[in-house]
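*Asks:*
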Amino acid sequence: MSATLATRSDAAEAVNNDPLHDSPADIYEDKVVIRLIQFSVVWAVVAMTAGVYLSAELLWPTIDFGQFWLSFGRLRPLHTNGIIFGFGVSALMATGFYSVQRTSHVRLYSPRLAWFCCYAWQLIVLLGGLSLLAGWNSTKEYAELEWPFDIAIAIVWVLFGVVFFGTIATRKIRPIYISNWFYGALIIVIAMLHIVNNLAIPVTIGKSYSLFAGAQDAVVQWWYGHNAVGFLLTGGFLGMMYYFLPKHSGRPIWSYRLSVVAFWAFTYSYIWAGPHHLHYSAIPEWVQSLAVVMSVILLAPSWATMINGIMTVSTAWEKLKTDPALKFIVLSLAFYGLATFEGPMMSFPSVNVVSHFTDWTIGHVHSGALGWNAMITYGTFYFMVPRLVGAPLYSVRLANIHFWMALAGTMLYIVSMWGAGVSQGLLWLSVDEIGELSFSFKDIMASMQPFYALRLIAGLIFLIGTCLMAFNLFKTLAGRHAVVVKAPPVDPAYAMVKEVAA
Amino acid sequence: MSNSIYSFLLFKALYAPKAAFARLVAEDPAPLRILFRYSLWLLLLPPLFSFVGASQFGWRLGATEPLFMENEALALISIGYFCILFFGLVTTALISRWMADTYGANASFGRHVALITIVGEPLAVASAAHLFPDVFLNALVLIPTTIWAMYLLYTGIPLALDIPSERGMLMASSLVGWLLVAAVSLLGISMSLWTLGVGPLLGV
Numbered sequence: 198m199s200a201t202l203a204t205r206s207d208a209a210e211a212v213n214n215d216p217l218h219d220s221p222a223d224i225y226e227d228k229v230v231i232r233l234i235q236f237s238v239v240w241a242v243v244a245m246t247a248g249v250y251l252s253a254e255l256l257w258p259t260i261d262f263g264q265f266w267l268s269f270g271r272l273r274p275l276h277t278n279g280i281i282f283g284f285g286v287s288a289l290m291a292t293g294f295y296s297v298q299r300t301s302h303v304r305l306y307s308p309r310l311a312w313f314c315c316y317a318w319q320l321i322v323l324l325g326g327l328s329l330l331a332g333w334n335s336t337k338e339y340a341e342l343e344w345p346f347d348i349a350i351a352i353v354w355v356l357f358g359v360v361f362f363g364t365i366a367t368r369k370i371r372p373i374y375i376s377n378w379f380y381g382a383l384i385i386v387i388a389m390l391h392i393v394n395n396l397a398i399p400v401t402i403g404k405s406y407s408l409f410a411g412a413q414d415a416v417v418q419w420w421y422g423h424n425a426v427g428f429l430l431t432g433g434f435l436g437m438m439y440y441f442l443p444k445h446s447g448r449p450i451w452s453y454r455l456s457v458v459a460f461w462a463f464t465y466s467y468i469w470a471g472p473h474h475l476h477y478s479a480i481p482e483w484v485q486s487l488a489v490v491m492s493v494i495l496l497a498p499s500w501a502t503m504i505n506g507i508m509t510v511s512t513a514w515e516k517l518k519t520d521p522a523l524k525f526i527v528l529s530l531a532f533y534g535l536a537t538f539e540g541p542m543m544s545f546p547s548v549n550v551v552s553h554f555t556d557w558t559i560g561h562v563h564s565g566a567l568g569w570n571a572m573i574t575y576g577t578f579y580f581m582v583p584r585l586v587g588a589p590l591y592s593v594r595l596a597n598i599h600f601w602m603a604l605a606g607t608m609l610y611i612v613s614m615w616g617a618g619v620s621q622g623l624l625w626l627s628v629d630e631i632g633e634l635s636f637s638f639k640d641i642m643a644s645m646q647p648f649y650a651l652r653l654i655a656g657l658i659f660l661i662g663t664c665l666m667a668f669n670l671f672k673t674l675a676g677r678h679a680v681v682v683k684a685p686p687v688d689p690a691y692a693m694v695k696e697v698a699a
Numbered sequence: 015m016s017n018s019i020y021s022f023l024l025f026k027a028l029y030a031p032k033a034a035f036a037r038l039v040a041e042d043p044a045p046l047r048i049l050f051r052y053s054l055w056l057l058l059l060p061p062l063f064s065f066v067g068a069s070q071f072g073w074r075l076g077a078t079e080p081l082f083m084e085n086e087a088l089a090l091i092s093i094g095y096f097c098i099l100f101f102g103l104v105t106t107a108l109i110s111r112w113m114a115d116t117y118g119a120n121a122s123f124g125r126h127v128a129l130i131t132i133v134g135e136p137l138a139v140a141s142a143a144h145l146f147p148d149v150f151l152n153a154l155v156l157i158p159t160t161i162w163a164m165y166l167l168y169t170g171i172p173l174a175l176d177i178p179s180e181r182g183m184l185m186a187s188s189l190v191g192w193l194l195v196a197a198v199s200l201l202g203i204s205m206s207l208w209t210l211g212v213g214p215l216l217g218v
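Protein chains in written order, with this note's numbering: chain E, 198 to 699; chain R, 15 to 218.
Structural data, given as structure tokens:
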């Protein structure tokens, strides 16, 4: 129902742009959306370049040239944080701000605060990235930034929530569309995870110690780490999918009811799955077992969402003739299906005992990060940018080339890491007749070189594709300003305040 | 239907796949005949190559010593390999047939079995790389072959199942989703079997 509303409202937008009757309160704040997209693309290029450099370092370790800031240990968190917080969060802010206005039929609550969030966030990513290169590191994966940045992130994140929920609170349309539930869960859960996991006692400006000790620290860290993947890289991007896929394909969501059921099932089951990162460790066994059970249950809402997306787009095939962006979203759903199946499977102890600590895990992360997160974001940017500035995409051909490069890069990356991971798992655990390890760790790692070379090529292909998109979007945006879009009138049947019958 | 289509598929599909797809449209093959006269023999190749290679040369995973296994364990793995490939072909054809309703594609099951067989044929032939079981060599051979197979899937669906190429693209992407899941399942099942004691001797 609401999906139809979202489509209907945008159709109304086109005929409702009468500048004479515009009041600023009715005009969508889209300039901040454009700026966030620009930042997101810049961080994608920077962080992916860091990733490609890291993969080259695994082949040629001396290319850090003795510089600490170029060493693997410092560059790696820059890569992950740059992708997640720079590229990912900027994209989520951009798409969240864009879609919440259009599904609420109202301008952003406090556009100034939205602008503050935009720039403050970029400053945090920039300075945070530099601090990582300088060696400030809390040693918690995906939460490496030290306490001054943690506090700044918490403040800006809460302000992001104020803008988002303020817009929802001032909406003119009664139903809250499903994409907003996912964006809302992203904001609330990430705030909770970030604040709890980063509780620490500061020692100096650049060093703190976690409030939690030993195994408890590990459990809290992976409760954070896994749900950062869950609610940011999955939930947030599902919000993106639920708004932009129906818009793209011009069809309502295949089953709105399924999307709501999947949302609650997803929210309930994801939060328990974190300890599957800690199999065969000192944490209680029942915690590990519970995590496995919840990981398997999680497959149901994940795939329900995938099926909902695939069925939504299945009748909109004619759009593919004119819209290269839709291809990215279609394929991202396939990789979403892969990653959300692979994850629960890797949580089985009998698989995990072989796969853990191997490059298969890296391959799994990238099937999600490249195949799902990056692809759906690219598709969404190709959709949004021309509409935001009222001009066609600079080059559809470049976008098509980008699509095939993204697919080739992702496939090559995944397959090379599957090969490396299976080899590592097998060789590390191989024992001879008297029970001694058959191979030395050093020899095994040296033998990974060909796989790392393939991964480097895969990363380069994906990075070049991203650069093509950056150029394409830059040329589309160059010299243009955001189109003025006014909130359309609300269908009285769905209005917040119903007219009193005379 | 004439028998000629089988020899046609067997050889020409490798170098003239579009002609093979066009032929499929002209003659609706019976699913069981395609399966037993053609698909099954192709499915035997990878386990056979794998058995011969692993027993003669041992798996080279890059480390100094090749990894040898008992012939009994190798036979068990090869039989499992064949079963899983057979299961994969049949389920993929069934899923493809099931998807046909959604994408308005031709519903003749024989076409789906033949389509999946033609798509998988280059992989079956390239599995000759298993004769020298070096993981990297196999990856080098099988990665481009997989890309070729994906190309066949994307070009073959519209041709063999009578749908526009855009709609075929959607259906092919859905099938790619299933195939990726099947591939990763194969890895997971293998690892579970290793930890249960089938296959190489692991210290778990």
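Every residue, glycine too, gets a C-beta built ideally from N, C-alpha and C.
Fair warning: this is a prediction, and the values are worked out from it, not measured in the lab.
1. Indicate whether E539 of chain E and V198 of chain R have their beta-carbon atoms separated by less than 7 Å.
2. Since K683 of chain E sits in a beta bridge, which residues does DSSP pair it with?
3. State whether the region 486 to 503 of chain E contacts the region 535 to 553 of chain E, with contact taken as three or more CB pairs (one from each stretch) at a distance under 8 Å.
4. Let me confirm a value: T259 of chain E is counted as buried when at least 16 other C-beta atoms fall within 10 Å, else exposed. Which label applies?
5. Starting from the Cα of R111 of chain R, find the closest Cα among R:Y95, R:L175 and R:A40 and give me that residue.
6. Rounded to whole angstroms, how far is the Cβ of Y440 of chain E from the Cβ of S376 of chain E, which I believe are closer than 8 Å?
7. Could you confirm whether any beta carbon from chain R is found closer than 7 Å to the beta carbon of V550 of chain E?
8. Please list, in chain order, all residues of the same chain as Y306 of chain E whose beta carbon is under 6 Å from its beta carbon, the five residues on each side excluded.
9. Grab the span of the beta strand (DSSP E) containing Y406 of chain E for me, first residue to last.
10. Based on the DSSP secondary-structure assignment, which residues constitute the bridge partners of W716 of chain E?
11. Quick one: residues in its chain with C-beta nearer than 7 Å to the C-beta of S613 of chain E, no 5 flanking neighbours on either side, listed in chain order?
12. Quick one: is Y649 of chain E near chain R, going by C-beta distance under 7 Å?
13. At least one CB of chain R closer than 7 Å to the CB of W500 of chain E: is that the case?
14. Interface residues of chain E around L166 of chain R at Cβ under 9 Å?
15. Compare the C-beta of R181 of chain R with all C-beta atoms of chain E and state if any pair is closer than 7 Å.
16. Which residue marks the beginning of the beta strand (DSSP E) containing V400 of chain E, and which one marks its end?
17. Report yes or no: is there a C-beta of chain R within less than 7 Å of the C-beta of V212 of chain E?
18. Expressed to the nearest angstrom, what Euclidean distance is found between the alpha-carbon atoms of L58 of chain R and G94 of chain R?
19. Restricting to runs no shorter than 4 residues, where is the alpha helix (DSSP H) found entirely within the region 457 to 515 of chain E?
20. May I ask you to report which of helix, strand or coil DSSP gives D207 of chain E?
21. First and last residue of the alpha helix (DSSP H) that includes A182 of chain R?
22. Note down, one range per segment and in chain order, each beta strand (DSSP E) of at least 3 residues found wholly within the region 340 to 373 of chain E.
23. Sorted by chain position, which residues of the same chain lie with C-beta nearer than 7 Å to V303 of chain E's C-beta, five sequence neighbours on each side aside?
24. Can you tell which of E:K672, E:A244, E:G263 and E:A311 has its C-alpha closest to the C-alpha of G325 of chain E?
25. Taking 7 Å as the CB-CB cut-off, is T105 of chain R touching chain E?
26. Straight-line CA distance for W312 of chain E to F554 of chain E?
27. So, with DSSP's three-state summary, where would you put D148 of chain R?
28. Count the other CB atoms within 10 Å of the CB of S151 of chain E; is the residue buried (16 or more) or exposed (fewer)?
29. To the nearest angstrom, how far is it from the Cα of L216 of chain R to the Cα of A382 of chain E?
30. Using a Cβ-Cβ distance under 7 Å, would M83 of chain R count as near chain E?
31. Cα separation between S456 of chain E and A462 of chain E?
32. Between which two residues does the alpha helix (DSSP H) holding Q646 of chain E run?
33. Using a Cβ cut-off of 7 Å (strictly closer), state whether M542 of chain E contacts chain R.
34. Buried or exposed: which applies to N85 of chain R, given that a residue is buried once 16 or more other Cβ atoms fall within 10 Å of its Cβ?
35. Taking any Cβ of chain R, which residues in the region 449 to 467 of chain E have a Cβ under 9 Å from it, in chain order?
36. Considering Cα atoms alone, identify which of R:L88, R:G134 and R:N120 is closest to A40 of chain R.
*Replies:* Answer, in terms of the structure:
1. yes
2. E:I224
3. yes
4. exposed
5. R:L175
6. 4 Å
7. yes
8. V360, G363, T364 and T367
9. K404 to S407
10. Any answer about residue 716 of chain E is impossible in this case: the structure gives chain E only from 198 up to 699.
11. F648, L651, R652 and A655
12. no
13. no
14. Simply none; closest approach about 15 Å.
15. yes
16. A397 to T401
17. Confidence is the limiting factor: at V212 of chain E the pLDDT is only 41, short of 50, which leaves the residue's position unreliable and the question unanswerable from this model.
18. 11 Å
19. 482 to 511
20. With a pLDDT of 46 at D207 of chain E, under the threshold of 50, the modelled position of this residue cannot be trusted; read the value that follows with caution. Helix at D207 of chain E.
21. The sequence as given places Gly at residue 182 of chain R; Ala does not occur at that position. Element bounds for G182 of chain R: S179 to T209.
22. none
23. T364, T367, R368, K369 and A684
24. E:A244
25. no
26. 41 Å
27. strand
28. Outside the shown range of chain E (198 to 699) lies residue 151 of chain E, about which nothing can therefore be said.
29. 43 Å
30. no
31. 10 Å
32. Q646 to L674
33. yes
34. exposed
35. none
36. R:N120
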